[in-house]
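Single-structure report; data block below.
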Amino acid sequence: MSNTAETANSCEQGDEPVSFEASKLGRKDHWDSVYDREINTFRETGDIGEVWFGEDTAAKMVTWVCNNIDDTDARILDVGCGNGHLLLELAEDGGYTNLTGTDYSAQAIELAKGIAASRGLGDKITFVEQDFLSATEVARIAGEAKFDVVLDKGTYDAICLKPKDGGADVDQQAIDTYPESVVGSLKDSGVFLITSCNWTEDELVARFATHLECVGRVKHRSFKFGGAVGQTVATVAFKKAK
Numbered sequence: 002m003s004n005t006a007e008t009a010n011s012c013e014q015g016d017e018p019v020s021f022e023a024s025k026l027g028r029k030d031h032w033d034s035v036y037d038r039e040i041n042t043f044r045e046t047g048d049i050g051e052v053w054f055g056e057d058t059a060a061k062m063v064t065w066v067c068n069n070i071d072d073t074d075a076r077i078l079d080v081g082c083g084n085g086h087l088l089l090e091l092a093e094d095g096g097y098t099n100l101t102g103t104d105y106s107a108q109a110i111e112l113a114k115g116i117a118a119s120r121g122l123g124d125k126i127t128f129v130e131q132d133f134l135s136a137t138e139v140a141r142i143a144g145e146a147k148f149d150v151v152l153d154k155g156t157y158d159a160i161c162l163k164p165k166d167g168g169a170d171v172d173q174q175a176i177d178t179y180p181e182s183v184v185g186s187l188k189d190s191g192v193f194l195i196t197s198c199n200w201t202e203d204e205l206v207a208r209f210a211t212h213l214e215c216v217g218r219v220k221h222r223s224f225k226f227g228g229a230v231g232q233t234v235a236t237v238a239f240k241k242a243k
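All letters in the sequence shown, in the order written, are residues 2 to 243 by the numbering used here.
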């Protein structure tokens with residue numbers, strides 16, 4: 002593993018951000034329905050479905066891993082893997098061979114397995130159902146060895162929209178549990194790389210500050226509004242806090 006700190010920009014801690022209102026994007030039944038449709042589409046046309054945040058964002062995450070993780074047998078986990086696109090790219094473009102994708106939607110796992118098999122990558126990528134907010138499930142998937150890299154492309158965003166008891170309020174306990182699950186999945190020397198469209202870089206740093214420390218950021222296309230410059234997507238790398 003390369004020294005990720007060498008790729009880091011400023012990682013100052015910002016103010017704790019406010020929460021959003023709950024949304025269907027945080028509900029399991031919504032994603033089960035989405036992946037039911039995408040399974041049928043894949044079977045009929047071979048289309049793998051939506052690439053969350055777009056292919057350019059996924060490519061930046063793949064490039065970051067390739068530039069910072071030298072060992073192609075490093076144990077890599079993609080949390081909330083959906084159709085498995087990110088791991089497919091790591092296998093095909095990066096040559097990584099020890100990849101695991103988890104999702105709480107059985108339909109997502111079925112789709113990802115089908116796509117991987119169609120590309121001859123079934124021996125390099127393992128897809129399995131997992132409730133990432135369950136300590137038991139985290140321990141089951143991580144095992145004693147745990148992971149060198151944990152990836153998240155939009156899963157934390159969805160968790161931050163998870164309804165509490167089906168109401169309009171978000172499930173704060175789920176939000177608070179998420180970083181604990183990341184820590185429980187990572188080796189002491191491991192790296193967590195997250196991409197979000199709901200939170201800025203500084204907000205992500207602030208939200209994970211108790212458990213994780215920032216070691217790098219990935220630049221995305223920026224915009225300028227009202228004299229301020231920002232990004233529509235944020236990608237930040239973390240290690241376990243000392």
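C-beta: ideal position from N, C-alpha, C; glycine also.
Being a predicted model, the structure only gives us computed values, none of them experimental.
For Tyr157, the nearest candidate out of Glu181, Glu145 and Lys188 (CA to CA): Glu181
Burial state of Asn10 (16 or more Cβ within 10 Å): Bear in mind that a pLDDT of 39 at Asn10, under 50, signals an unreliable position, so the number given afterwards is only what the model happens to contain. Under this definition Asn10 is an exposed residue.
For Ala235, the nearest candidate out of Lys241, Asp57 and His221 (CA to CA): His221
Span of the alpha helix (DSSP H) around Lys29: Lys29 to Thr46
Cutoff 6 Å; reference Glu17; Cβ partners in own chain excluding five residues on either side: Caution is warranted here: a pLDDT of 45 is assigned to Glu17, below 50, making its placement in the model unreliable, and no coordinate value can be reported.
The region 107-116 in contact with the region 208-219 per 3-pair CB rule at 8 Å: no
Cβ pair Ala113, Cys67 closer than 8 Å: In this structure, Cys67 does not lie closer than 8 Å to Ala113 by Cβ.
Beta-carbon proximity check, Arg28 vs Pro164, cutoff 8 Å: yes
Bridge-paired residues (DSSP) for Phe128: Gly102
For Arg141, three-class secondary structure by DSSP: helix
Spatial distance of Ala136 from Leu91 (CA atoms): A direct Cα-to-Cα measurement between Ala136 and Leu91 gives close to 27 Å.
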